[in-house]
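The block underneath contains the structure these notes are about, expressed in structure tokens.
There are 4 protein chains.
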Amino acid sequence: MSRLVPVGVLGGSGYTGLEVLRVLRGHDGVEVRFSTSDSEAGKPTPMPGLSFIPVAQARLEEIEVAFLCLPHGEAAAWVDKNGKSVPKIVDLTADHRPGSGRESEAVYGLPEVNPAEVAKARLIANPGCYPTGVIMSLLPLQKAGVIDDAHPIMVSAASGVTGAGRAPKRELLFGEVFGDYRPYGLGNDHRHLKEMRATLPGLQLLFVPHLLPVARGILETIALPVRAGVDAARVKALWKNAYGDRGAVRVIDGAPSLADVSGNDLLVLGAFDNVGLATPTVTVVAALDNLGKGAAGQAVQNMNLMLGYESGRGIRC
Amino acid sequence: MSRLVPVGVLGGSGYTGLEVLRVLRGHDGVEVRFSTSDSEAGKPTPMPGLSFIPVAQARLEEIEVAFLCLPHGEAAAWVDKNGKSVPKIVDLTADHRPGSGRESEAVYGLPEVNPAEVAKARLIANPGCYPTGVIMSLLPLQKAGVIDDAHPIMVSAASGVTGAGRAPKRELLFGEVFGDYRPYGLGNDHRHLKEMRATLPGLQLLFVPHLLPVARGILETIALPVRAGVDAARVKALWKNAYGDRGAVRVIDGAPSLADVSGNDLLVLGAFDNVGLATPTVTVVAALDNLGKGAAGQAVQNMNLMLGYESGRGIRC
Amino acid sequence: MSRLVPVGVLGGSGYTGLEVLRVLRGHDGVEVRFSTSDSEAGKPTPMPGLSFIPVAQARLEEIEVAFLCLPHGEAAAWVDKNGKSVPKIVDLTADHRPGSGRESEAVYGLPEVNPAEVAKARLIANPGCYPTGVIMSLLPLQKAGVIDDAHPIMVSAASGVTGAGRAPKRELLFGEVFGDYRPYGLGNDHRHLKEMRATLPGLQLLFVPHLLPVARGILETIALPVRAGVDAARVKALWKNAYGDRGAVRVIDGAPSLADVSGNDLLVLGAFDNVGLATPTVTVVAALDNLGKGAAGQAVQNMNLMLGYESGRGIRC
Amino acid sequence: MSRLVPVGVLGGSGYTGLEVLRVLRGHDGVEVRFSTSDSEAGKPTPMPGLSFIPVAQARLEEIEVAFLCLPHGEAAAWVDKNGKSVPKIVDLTADHRPGSGRESEAVYGLPEVNPAEVAKARLIANPGCYPTGVIMSLLPLQKAGVIDDAHPIMVSAASGVTGAGRAPKRELLFGEVFGDYRPYGLGNDHRHLKEMRATLPGLQLLFVPHLLPVARGILETIALPVRAGVDAARVKALWKNAYGDRGAVRVIDGAPSLADVSGNDLLVLGAFDNVGLATPTVTVVAALDNLGKGAAGQAVQNMNLMLGYESGRGIRC
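First to last, the sequence lines map onto chains A, H, P and X. Heads up, the first sequence is in this note's numbering, so the first residue is 477 and it goes up one at a time. Heads up, the second sequence is in this note's numbering, so the first residue is 477 and it goes up one at a time. Heads up, the third sequence is in this note's numbering, so the first residue is 477 and it goes up one at a time. Heads up, the fourth sequence is in this note's numbering, so the first residue is 477 and it goes up one at a time.
In structure tokens, the structure reads:
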């Protein structure tokens, strides 16, 4: 039996922190030493035998990897104060992502895209849930020059409610969301766009998120204008070439759905030819769990690479 | 008290037929003489005191208006056989809609668009649920010349499950749909596209429907490329000018949602300016209940016009 | 056209207040002069043309009936301060219900049970949602002496989430409730028991509520030990005799369900004989909407009686 | 690495069969050789790399354990024809359960109750989902003599929709179940009662199941009359004594909920003292996933015992 690497979770009682604990529960290469939560201190975590502790009691010197699942904004402050106490950090907040102003301090960690960089990083900016699907769908296509960037690219995205966090707000109450479905962030200025634009420069992304009455999962449907002669088969070949069979990406022939990804750490991609349009387009569909590949699953993949493990170790698929 | 016009519902035990009965229950100008359903004969309808009767027992000579809520394909046959027995017919199936091959026999009934034609019609082709939202969103804009038709127009649509009908199918079971969300009809050849294209010729419509885990309601989010200088305010002004305050259309400033339309007969429209795109676009959002304005509500509006009533009489708003 | 009685809603932006406004919207004998909400002041109410006003701006002298939809505890204070300014008051909170300590100041208003008392009342304590179903199920049976009170009577109740109010709490978030179902208030000391025990003295009520993952509706299933010779037919006859066809009670032969009552103001009752038990029992099932007959619908029935209207006027059924 | 025992799943495309495959996917002691489904032949199973085969192609001679996930009624016929071809059989249908008339041919397999018998069995009747919760809750209490059997014992049960199977029926459509909640099987003659009565003779069980608008999970709330002096603490001690920490039973202090068991193979039990009743009662709450401990999880536990493995091997907890 190899050594278990000691890790800690900062801010473990939000949806993201809870999910990191659930993924790590099935990981045979690490040991969770603590999970902090001031509000839930003393209560059980999803990890058998482990209770939440107040953040002030976290013994940072004992861990080799810290997962930051704090509210957006608090992770940067935590890194400023404690960054040197822990050898490796995966920040699941937006604080170090492209467009945050602090992106130069961290490696933006897409395990299937830049694994070598991730492996050498000390601080990982774990990508946002929506951007993960969009960037991984479009990046290999943009690199291959198959996208026609003269047209807007509509990304119609829908997310389960846990994507909005666990802090109590009226608009997230069951009584408000049940039976409803609505767009939000209209106007193309969602905070996740900075991250997408920084990674996919030059594309006319029109991003419209919707709140879906389910607990978890993201589906993104993209109307993609393509160069003449490019079809869905070519799109799928480019994905397979970029991502192979490693990691957490699956390219399928049917239509991806939330049922394919709910509760696991996969990103499922599909592409479809369209008829009846003068402008050639391919419809791209990406499905991922906002808490899985969109957060905790990808965070653990990044940790794996930083520890020299295979990136898919312990991942739910 | 004015005379109650006698009407009948053919095929009343599907979701559409049930909803026609529910709307008519609150209508003070008609009297439902019968509702047919061979499979449910003898069982109560939503109309107090009225039970379903076998179709063979329908006394067509007693009614002045027939609502056809039959399976798609059977309405055409019914009209061929019985069309002369009933003075006025509202066909809620696809059998006489644009693109059906029989559209010349009927008036395509959009009460806010062509009320005078509807008023004189003997046979109404009641528009489909998805097309109602798309056509009423885009028709006044196309007429005004504000749409830039050089680009694809993505219509990302999501519908509650009753839109797929009440016949038992595995993929519509609660156990399959709960917690899921998925696109379908990929490839841009959904049967409703014929109806949209016939009514909005020249636009590059890319229509992607999704199955939403709610019972009822449709939301359509449209990435609309527009001519330079056109903005959301202009779009809303064009709608208000076309539809006024009459009928079932509401133009709002916030984001339309299913909660605005679930269980009523309204079409709620919103428009939003986008930032960060080289191509000017406006995001259009249309919400309607697939069983309300998308079926039964619109059918009753059409009936109202044919009977000389105000189009909004008895409509739920 | 008869005179429209001016009424006001105090605390109109909670689920109960919103529902009172929705019921009154369909009522042709009253006019809503105002609805207060400090947090939502200026925003639209469900009543077309009416916006919320701050409570301080409510002109009590203009109204003849006040609906109190305040947080529990605040209605008593309101009555102490303003009770003499408004001729008739319907308090939808628990503040004047049996067991509250202030029950002597009000009439406990069950329109089908004590209509004459209600008609003469100045202050109505509108019954709680759970107690309405239990009391109306059991009261006529207890009076007729058909219940065997030597055994516990289990009331297994399930309520939609709006029953817990609209104040944001973590345990009511969509992400927490979706896919879940759980009992609460275990130990037989739910606050609604006081109200049931005061009205049904001598019965061994064991009340277990559950939180149901739907927005609205209550279903109560009661294992009722009965005297020898008593059966479901007798139970139904007693209900019909007590409630007649007036009001909001429906006795049906099939199994009541949430679908029968969701969004309307009915109480639907069913009774079923059981086999295989030494102790004679009848299973009683009561369904009502917690916001309808369990709150706003019953409040409007009470108002109707106080105003000399028929109790069912404007009620959704 | 020890040998992988070859197993097969007969009828793998229903909810139960799919779940057996999902559990076995995480089991490191067996190898699934085939899963049959005539209707889904050629399509992928949840087991990576395995597709469904027609039942006629199943090579029974290759497997050591067969899981029967056939429609109720077909398992008995299968055993009559093929029972001697496979050394060990776990029948997940009702065909060999107590009360079926064929119970003498099989061992009723409750791994925490009769593990020695299960270990020696050739044919296991895997318990029903509802009976598992009721029997495991009450059996140790009945044996200890703490139940007062002079009173009816109401079992108010609620199940997710997958408990009703995957064959398409109108009443199980999403459009019918969404937002609804209803009792069924009223009259105390549900087919599962035979199984409960045979295992818990002498108790006056009044069993009322309800259909819950979730995909999976069962919660059973039991009003249990107890002997004088018996309380919840004693009930919990009896459970812990009977089940220990082995297997799939967890006794908790809080209220069990579907969220505790959805997607895993646990049975979670809670007990609560009641106030205000002349007859001493304890409220018992049992939660389990109808597809987990209520079907596939328990089936794999039984298989484990038959193969000499630890009963909890591969179980999701």
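No residue lacks a Cβ here, since even glycine has one placed at the ideal position from N, Cα and C.
For LEU648/H, go through chain X and note every residue whose CB falls closer than 8 Å to its CB, in chain order.
Here residue 648/H refers to the residue found at position 172 of the second sequence. Result: PRO644, LEU649, PHE650, GLY651.
Taking C-beta pairs closer than 8 Å, name the residues in chain A that PHE528/H reaches, listed in chain order.
Taking the second sequence and counting its residues from 1, the one referred to as residue 528/H is at position 52. Those do not exist, as PHE528/H stays about 28 Å from chain A at its closest Cβ, beyond 8 Å.
Strictly under 8 Å for the Cβ-Cβ distance: is GLY797/P near chain A by that measure?
The structure shown does not extend to residue 797/P, since chain P is modelled only from 477 to 793, so the question has no answer here.
Span of the beta strand (DSSP E) holding PHE683/A?
Position 207 of the first sequence, counted from the start, is the residue given in the question as residue 683/A. First-last of the beta strand (DSSP E) with PHE683/A: 681 to 687.
Under DSSP, the beta strand (DSSP E) around ALA762/P begins and ends at which residues?
As a position in the third sequence, residue 762/P is number 286, starting the count at 1. Unbroken beta strand (DSSP E) run through ALA762/P: 757 to 764.
Where does LYS564/P sit, in a helix, a strand or coil, going by DSSP?
In the third sequence, counting from the first residue as 1, residue 564/P sits at position 88. Strand at LYS564/P.
Counting Cβ pairs, one atom from each stretch, are 3 or more of them under 8 Å apart for the region 504 to 515 of chain X and the region 527 to 539 of chain X?
Because the criterion of three Cβ pairs below 8 Å is met, the region 504 to 515 of chain X and the region 527 to 539 of chain X touch.
Ignore the nearest five residues each way along the sequence and tell me which others in SER738/A's own chain have a CB closer than 7 Å to its CB.
Against the first sequence, residue 738/A aligns to sequence position 262. Excluding positions up to five away in sequence, the list reads ARG692, GLY693, ASP765.
According to DSSP, what are the bridge partners of ASP749/P?
Taking the third sequence and counting its residues from 1, one reaches residue 749/P at position 273. DSSP output for ASP749/P lists VAL758/P as bridge partner(s).
Select from GLU538/X, PRO756/X, THR759/X, GLY770/X the residue whose C-alpha is nearest the C-alpha of SER561/X.
Residue mapping note: residue 561/X aligns to position 85 of the fourth sequence, counting from 1. SER561/X has its Cα closest to that of GLU538/X, out of GLU538/X, PRO756/X, THR759/X, GLY770/X.
Alpha carbon to alpha carbon, what distance is there between LEU742/A and LEU494/A?
For the purposes of this step, residue 494/A is taken as residue 18 along the first sequence, with counting starting at 1. For the purposes of this step, residue 742/A is taken as residue 266 along the first sequence, with counting starting at 1. One C-alpha to the other measures close to 18 Å.
By how many angstroms is the C-alpha of GLU647/P removed from the C-alpha of HIS548/A?
Taking the first sequence and counting its residues from 1, one reaches residue 548/A at position 72. Taking the third sequence and counting its residues from 1, one reaches residue 647/P at position 171. So the alpha carbons of these two residues sit roughly 22 Å apart.
For the region 656 to 669 of chain P against the region 742 to 753 of chain X, are there 3 or more C-beta pairs whose distance is under 8 Å?
Touching, yes.
Which residues share a DSSP beta bridge with THR512/X?
If you number the fourth sequence from 1, residue 512/X lands on position 36. According to DSSP, THR512/X bridges with ILE529/X.
According to DSSP, is SER613/X helix, strand or coil?
Stepping through the fourth sequence from its first residue, residue 613/X is reached at position 137. Helix, per DSSP.
Touch check for the region 630 to 648 of chain A and the region 632 to 651 of chain P: three-plus C-beta pairs under 8 Å?
As far as the Cβ criterion goes, the region 630 to 648 of chain A touches the region 632 to 651 of chain P, which means the pair count is three or higher.
Got a sec, what are the start and stop residues for the alpha helix (DSSP H) PHE650/H sits in?
In the second sequence, residue 650/H corresponds to position 174, counting from 1. It spans 650 to 653 - the alpha helix (DSSP H) in which PHE650/H sits, taken as one unbroken run.
Taking a cut of 7 Å between CB atoms, which residues from the region 746 to 767 of chain H lie near chain A?
So the close ones are PHE748, ASP749, ASN750, VAL751, GLY752, LEU753, ALA754, THR755, THR757, THR759, VAL761.
Whole alpha helix (DSSP H) runs in the region 703 to 741 of chain X with 4 or more residues, listed along the chain?
If we require 4 residues or more, the alpha helix (DSSP H) runs fully inside the region 703 to 741 of chain X come out as 708 to 719, 734 to 737.
Going straight from the alpha carbon of VAL483/A to that of THR608/A, what length do you get?
Here residue 483/A corresponds to residue number 7 of the first sequence, with the count starting at 1. Here residue 608/A corresponds to residue number 132 of the first sequence, with the count starting at 1. In a straight line, the C-alpha of VAL483/A is about 24 Å away from that of THR608/A.
The alpha helix (DSSP H) with THR492/P in it runs from where to where?
Counting from 1 along the third sequence, the entry for residue 492/P is found at position 16. THR492/P -> alpha helix (DSSP H) spans 491 to 501.
Looking only at DSSP bridge pairs, what is SER632/P linked to?
Indexing the third sequence from 1 puts residue 632/P at position 156. Paired residue(s): VAL684/P, THR697/P.
Chain B partners of ALA691/A, CB-CB under 8 Å?
This model lacks chain B altogether, as its protein chains are A, H, P and X.
Give a yes or no on whether the minimum CB-CB distance between GLY658/H and chain A is below 8 Å.
Counting from one through the second sequence, the residue named residue 658/H turns up at place 182. The question names Gly, yet the displayed sequence has Arg at residue 658/H. Yes, because at least one Cβ of chain A sits closer than 8 Å to the Cβ of ARG658/H.
Starting from the Cα of ALA794/X, find the closest Cα among SER515/X, VAL776/X, LYS712/X and give me that residue.
Since the first residue of chain X shown is 477 and the last is 793, residue 794/X is not available in this structure.
Flag this pair as yes or no: are the beta carbons of ARG578/H and ALA620/H separated by less than 8 Å?
The count along the second sequence starts at 1 and reaches residue 578/H at position 102. The count along the second sequence starts at 1 and reaches residue 620/H at position 144. Their beta carbons are not under 8 Å apart, which means ARG578/H does not touch ALA620/H by this criterion.
For THR757/P, which option in LEU695/P, PRO701/P, ARG789/P has the closest C-alpha, if you only look at C-alpha atoms?
Numbered from 1 along the third sequence, position 281 holds the residue referred to as residue 757/P. Of the listed residues, the one whose Cα sits closest to THR757/P is PRO701/P.
Can you tell me which of CYS545/P, VAL589/P, ARG501/P puts its alpha carbon nearest to the alpha carbon of ALA771/P?
Residue mapping note: residue 771/P aligns to position 295 of the third sequence, counting from 1. Checked all of CYS545/P, VAL589/P, ARG501/P; the closest Cα to ALA771/P is CYS545/P.
Do the region 595 to 608 of chain A and the region 723 to 733 of chain A meet, that is, are 3 or more Cβ pairs less than 8 Å apart?
Too few Cβ pairs lie closer than 8 Å, so no.
Under 6 Å Cβ to Cβ from GLY487/P, same chain only, skipping five residues before and after it: list those, please.
Indexing the third sequence from 1 puts residue 487/P at position 11. So the list reads GLY493, CYS545, LEU546, once near-sequence residues are dropped.
Is ILE529/H closer than 8 Å to VAL631/H when the C-beta atoms are compared?
By one-based count along the second sequence, residue 631/H stands at place 155. By one-based count along the second sequence, residue 529/H stands at place 53. No, these two residues do not count as a Cβ contact at 8 Å.
State the Cα-Cα distance for the pair ALA775/P and HIS572/P, rounded to the nearest angstrom.
Walking along the third sequence from the start, residue 775/P turns up at place 299. Walking along the third sequence from the start, residue 572/P turns up at place 96. Using only the alpha carbons, I get a separation of about 14 Å.
Distance, Cα to Cα, GLY490/P vs ALA570/P?
Numbered from its first residue, the third sequence carries residue 490/P at position 14. Numbered from its first residue, the third sequence carries residue 570/P at position 94. Between GLY490/P and ALA570/P, the C-alpha separation is close to 15 Å.
How far does the beta strand (DSSP E) with ALA542/X in it extend, from its first residue to its last?
On the fourth sequence, position 66 is the one that residue 542/X refers to. ALA542/X -> beta strand (DSSP E) spans 541 to 544.
Check the Cβ of THR492/A against every Cβ in chain P and list those closer than 9 Å, keeping chain order.
Working through the first sequence from its first residue, we reach residue 492/A at position 16. The premise fails here: THR492/A is roughly 12 Å from chain P at the closest Cβ pair, so nothing lies under 9 Å.
Considering only the alpha carbon of each residue, which of ARG792/P, ALA643/P, ASN780/P, ARG703/P lies closest to PRO587/P?
Translated into positions along the third sequence, residue 587/P becomes position 111. Taking only the C-alpha atoms, the option nearest PRO587/P is ASN780/P.
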